[in-house]
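Since the structure comes first, as structure tokens, the remarks are kept for the end.
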């Protein structure tokens with residue numbers, strides 16, 4: 257099937273060059289993909305140059321005169337950036353002119369704008385941000401919420417579990433993704449009231465394959481396919497992951513750089529280090545979904561390079577092909593009819 | 257000065273052998289240290305054998321007939337294990353027969369028992385668990401709370417900041433430890449009400465060198481000396497750290513084990529890998545303090561080996577030498593008089 261994807265071309269730390277090159281790369285990989293570069297036409301045209309491949313015929317430019325800054329407040333962006341590349345890319349989804357949009361822009365502004373323009377699905381109280389992380393099983397673990405909601409109720413966590421189920425089914429082709437609720441392992445206090453209540457809701461639902469409580473290290477053990485948590489906790493866990501990985505990388509480099517001998521050893525070890533780095537390469541896991549909206553919105557990491565941005569576009573393609581929002585709607589409607597549990 | 261430290265000798269995944277050998281090792285390092293092995297006398301005597309060094313004269317055995325199991329509920333341990341090695345080690349601190357105690361037992365039971373026997377310091381609403389983690393600055397970052405409290409108020413977070421200040425001053429000899437409040441980096445929602453309120457309390461206190469909000473990756477960047485957070489968040493962050501480190505270790509080993517060539521490369525790289533592993537060796541960071549009690553209680557990781565357990569004992573020695581509980585009391589009393597802020 258054809259997928260039409262709008263790219264917020266002015267977004268990200270490295271600007272339109274990364275988005276344009278990622279677009280060209282992925283067009284050559286997917287025959288029926290159509291891409292819309294949303295942003296400053298002059299800039300985009302100059303980056304495209306005089307290419308005249310067949311693939312480029314599936315690429316169009318939609319001019320906009322504004323862009324949302326990385327540190328701009330969501331409310332400011334909402335009020336003042338109606339002609340921004342971010343806003344217009346989302347508008348194209350709303351208008352049915354694109355099936356999904358991808359942005360490497362400011363997460364807060366993207367969530368606020370997407371929510372304002374697209375609205376949430378019926379039955380979904382709060383959209384959530386979900387991403388995949390590598391695990392020891394050589395599969396991946398989806399984690400949500402990663403920061404869209406900082407005061408979730410048990411009901412919200414239940415809805416996250418539901419949306420996570422649909423996403424893991426779509427992306428990983430798992431018929432029954434295993435769902436875990438993130439908790440702490442201290443014996444005395446098995447979590448706060450919030451997770452205890454959410455566990456009750458999850459235990460009695462046939463649509464969710466609920467495994468039970470999991471801990472922070474289970475994300476990387478691959479104990480479950482989807483880890484559900486409050487956005488505050490999820491964001492801290494995600495940033496902790498980035499921090500540990502960077503620190504280890506820093507010390508590895510430092511150790512291999514100490515003297516001539518270690519640099520020689522580094523040369524020998526390089527292909528091996530590359531081999532394991534690939535398995536946990538954060539670029540391969542780029543592309544967080546804003547779930548629960550009436551449309552597909554993918555957030556790329558701000559610092560994404562070309563390869564990394566293509567993974568975010570691939571995430572969008574999969575979600576279009578599997579029609580994730582409709583599937584979430586469908587499962588919600590079924591639950592509403594059956595149980596009246598989802599408010 | 258002499259430090260007398262009671263060791264819960266029946267605790268930990270590897271049992272009394274680790275504790276006994278750690279005790280012998282550290283006695284030879286500290287001339288004036290006195291250790292009390294608390295546990296089954298017959299078992300401990302047989303492990304000690306017929307050693308007759310000078311150091312061993314500073315080691316005594318305190319017999320107990322029970323032990324707390326790793327998965328025993330804190331309330332069960334409190335009611336039924338009055339003659340356990342854990343309880344008696346804490347009793348020795350209460351009775352003034354030891355200056356501190358160290359246990360590798362069940363965290364929940366240790367916290368509940370320590371709190372019941374020793375009580376909290378005046379002005380401290382909740383004790384907290386603090387540990388040090390490695391960072392890129394080759395110093396360490398102290399993080400609290402790690403799971404003793406899952407529903408903290410801004411006032412609790414303020415007290416954690418205060419206790420963390422005292423601990424970092426004592427352990428790292430920092431006159432003015434930098435304090436950060438763990439938060440999320442999403443632009444829209446800079447945290448929940450809890451951290452926002454705590455930030456206000458922290459901003460206007462001369463006893464605390466408050467830097468502002470930090471994120472999960474700042475723990476490993478070394479942006480601040482102490483990171484303050486709710487116990488749920490702290491525990492998830494700690495377990496995430498363990499999980500990422502284990503996964504990277506797993507993939508490194510796997511990559512170096514693929515074939516003869518990679519195994520040869522591993523041989524060459526081994527000393528280099530050892531060099532950086534040492535910098536982030538979790539054994540060197542063993543020894544979490546239960547802060548806010550009228551006495552010094554150190555929790556060792558359950559899976560600690562001999563080297564690791566000695567680090568937990570060293571933590572106890574430092575806290576005895578610096579008299580951490582009294583310093584916390586002192587700073588609290590000053591604040592109570594000055595501000596009436598701490599309830």
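Protein chains in written order, with this note's numbering: chain A, 257 to 599; chain B, 257 to 599. Even glycine gets a Cβ: it sits at the ideal position worked out from N, Cα and C. The model shown is predicted, which means the values in this text are computed figures rather than measured ones.
- Annotation: the continuous alpha helix (DSSP H) that includes residue 530(B) extends over 516-535.
- Rounded to the nearest whole angstrom, the CA to CA distance from residue 436(A) to residue 411(A) is 15 Å.
- Contiguous beta strand (DSSP E) elements confined to the stretch 378-447 of chain B occur at 384-390, 396-400 and 434-438, taking only those with 3 or more residues.
- Within 7 Å of the CB of residue 508(A), the CB atoms of chain B belong to 532, in sequence order along the chain.
- The three-state reading of DSSP puts residue 344(A) in helix, counting H, G and I together.
- Along the stretch 493-507 of chain A, going in chain order, the ones with a CB nearer than 8 Å to a CB of chain B are 493, 494, 495, 496, 497, 498, 499, 500, 501, 502, 503, 504, 506 and 507.
- DSSP, reduced to helix, strand and coil, places residue 576(A) within a helical segment of the structure shown.
- Looking at the DSSP output, residue 314(B) sits in no beta bridge, so it has no partner there.
- Within the DSSP secondary-structure output, residue 553(B) pairs in a beta bridge with 357(B).
- Between residue 451(A) and the set 462(B), 407(B), 344(B) and 284(B), the nearest pair of CA atoms involves 407(B).
- Contact annotation, residue 503(A) with residue 390(B): C-beta distance approximately 7 Å; criterion of less than 8 Å satisfied.
- In the DSSP assignment, residue 540(A) falls outside any alpha helix (DSSP H), carrying neither H nor E.
- In this chain, the beta strand (DSSP E) harbouring residue 467(B) covers 465-470.
- A distance below 6 Å between beta-carbons, with the five flanking residues on each side excluded, links residue 348(B) to the following residues of its chain, in chain order: 262 and 354.
- Judged by DSSP secondary structure, residue 545(B) falls outside any alpha helix (DSSP H) and instead within the beta strand (DSSP E) spanning 544-547.
- For residue 473(A), the number of other beta carbons within 10 angstroms of its own is at least 16, and it is reported as buried.
- Between residue 544(B) and residue 387(B), the gap from beta carbon to beta carbon is short of 8 Å.
- The C-beta distance from residue 359(A) to residue 368(A) rounds to 12 Å, too long to meet the 8 Å contact threshold.
- Rounded to whole angstroms, the gap between the alpha carbons of residue 336(A) and residue 558(A) is 21 Å.
- The beta carbons of residue 400(A) and residue 416(A) sit about 5 Å from each other, so the pair counts as a contact at 8 Å.
- Residue contact with chain B for residue 565(A): absent (no Cβ-Cβ distance below 8 Å to any residue of chain B).
- Between the stretch 320-328 of chain B and the stretch 565-574 of chain A, the count of Cβ pairs shorter than 8 Å is below three; the stretches do not touch.
- Residue 560(A) carries a coil assignment under DSSP once its states are collapsed to helix, strand and coil.
- Contact check between the stretch 531-545 of chain A and the stretch 375-383 of chain A: fewer than three CB pairs, one atom from each, fall below 8 Å, which does not count as touching.
- Taken through DSSP and simplified to helix, strand or coil, residue 364(B) comes out as helix.
- Below the 9 Å Cβ cutoff, chain A contributes no neighbours of residue 369(B), its closest Cβ being approximately 11 Å away.
- When C-beta atoms of the stretch 424-434 of chain A are compared with those of the stretch 492-512 of chain A, fewer than three pairs fall below 8 Å, so the two segments do not count as touching.
- Residues of chain B whose Cβ lies closer than 7 Å to the Cβ of residue 518(A) are, in chain order, 528.
- Interface criterion met: the Cβ of residue 471(B) is under 8 Å from a Cβ in chain A.
- Judged by beta-carbon spacing, residue 487(B) lies beyond the 8 Å limit of residue 352(B), meaning their Cβ atoms are not closer than that value.
- Sequence-distant partners of residue 554(B) (beyond 5 residues in either direction) whose C-beta falls short of 8 Å from its own C-beta, in its chain, are 356, 357, 358, 359, 543, 544, 545, 546, 568, 569, 571, 572 and 575.
- Counting only the Cα atoms, residue 420(B) lies some 8 Å from residue 484(B).
- Interface with chain A (8 Å Cβ-Cβ cutoff): residue 435(B) is excluded.
- Distance between residue 288(B) and residue 259(B), taken at the CA atoms: about 7 Å.
- Taking each of 319(B), 471(B), 492(B) and 381(B) in turn and checking the Cα distance to residue 272(B), the smallest one comes out for 319(B).
- Under DSSP, residue 292(A) forms a beta bridge with 262(A) and 316(A).
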